[in-house]
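What follows is a set of notes on a single structure, which appears directly below.
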Ligand SMILES: Nc1ncnc2c1ncn2[C@@H]1O[C@H](COP(=O)(O)OP(=O)(O)OP(=O)(O)O)[C@@H](O)[C@H]1O
Ligand SMILES: [Mg+2]
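In the numbering used here, the protein residues as written are 164 to 424.
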């Protein structure tokens, strides 16, 4: 197996708060890893550090064997690691297509100019392909502000995928999405990432979603990883049951669905 992402003794403090306490993580190529943990456990801090949005206090981060410590987010995206956000980061006044074009330009590292139009036929084709893959092509020319919440989350993830990353980090991809829509959203995203062989790490509070899609779970508590392994083992872990799962309440109206093969 090839390690795609590795952190060594990664630490981050905010005043007296230790948001990341010597995190040693190795993610292998093509893994689908779920990150669980109660509010404030350090999940977003971890994603922010490995994607360049937040500087670690100390430690090392390697992507495909190369240090990315101190790299700007854009540079990390261009190297092949993209992310989505806990709250979708979109341009509400632009159309869905133009949001994707902006994301693609960012991933290419290109600077739009008057001489080279941003909406080039090649870029539009790439964005249309992602829109079709994510089943939101009918929203293509709508301004994002008019798009429903569930579709916004999909578009945010599509923006991360449009530059064809090798690794994708999703911070709560189903937050704010209705219970009825959550599984459909994840089915769409996971089908796309499998098709392209993308390694995925996603933060999720809904244990049904985690159990259904991941091959490995990292359980965070108070800036530390308290369990790391196959879902069944992590879910059965005494400390995880006490410190993580006990903090998660299933939203009202949620119902159990049988796992897909
Ligand atoms: N910019 C910041 N300034 C100060 N403290 C911060 C900052 N970002 C995070 N923290 C603190 O670091 C800790 C970890 O926060 P983080 O956002 O990583 O948690 P999380 O696991 O993503 O939680 P949630 O499930 O609520 O999204 C918390 O105590 C939080 O208050
Ligand atoms: Mg968070």
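Built from N, CA and C at the ideal position, the CB exists for glycine as well.
Residue 378 has its alpha-carbon roughly 26 Å from the corresponding atom of residue 231.
In this structure, 355 is the residue among 355, 313 and 397 with its C-alpha nearest to the C-alpha of residue 323. Under the three-pair Cβ rule at 8 Å, the stretch 283-294 does not count as touching the stretch 206-226. Under DSSP, residue 226 forms a beta bridge with 168 and 229. Taking 9 Å as the cut-off, the beta carbon of residue 263 is found closer than this to the beta carbon of residue 294. Taking the Cβ of residue 208 as the reference point, at least one heavy atom of ligand 1 falls within a distance shorter than 8 Å. Apart from sequence neighbours up to five positions away, the residues of its chain that approach residue 253 with a beta-carbon distance below 7 Å are 262, 307, 315, 318 and 319, ordered along the chain. Using a 10 angstroms sphere on the CB of residue 279, the tally of other CB atoms stays under 16, which defines it as exposed. Residue pairing for residue 330: DSSP places it in a beta bridge opposite 244 and 362. CA-to-CA, the gap between residue 373 and residue 182 works out to about 22 Å. Contact annotation: the stretch 212-226 does not touch the stretch 193-202, with fewer than three C-beta pairs closer than 8 Å. When 327, 347 and 380 are compared, the shortest CA-CA separation from residue 189 is found for 380. In the three-state DSSP reduction, residue 175 falls in the strand class (E or B). Contact annotation: residue 225 and residue 362 have beta-carbon atoms that are not nearer than 9 Å. For residue 333, same chain residues with a beta-carbon under 6 Å away, outside a window of 5 residues either side, are 247 and 365 in chain order.
Taking 8 Å as the cut-off, one finds no heavy atom of ligand 1 near enough to the beta carbon of residue 248.
Its chain contains 184 as the residues whose beta carbon lies nearer than 6 Å to that of residue 387, once the 5 sequence neighbours on both sides are disregarded; these appear in chain order. Cβ contact annotation for residue 241 (same chain, cutoff 7 Å, sequence separation greater than five): 270 and 272, in chain order. Distances between the C-beta of residue 218 and the heavy atoms of ligand 1 are all 8 Å or more. For residue 251, same chain residues with a beta-carbon under 6 Å away, outside a window of 5 residues either side, are 315, 316 and 319 in chain order. Under the criterion of beta carbons closer than 8 Å, residue 259 and residue 291 do not qualify as touching, at roughly 11 Å.
Rounded to the nearest angstrom, the gap between the Cα atoms of residue 357 and residue 395 is 22 Å. Bounds of any alpha helix (DSSP H) do not take in residue 388; it lies within the beta strand (DSSP E) bounded by 387-392. When the Cα atoms are used, residue 310 and residue 403 turn out to be separated by approximately 37 Å.
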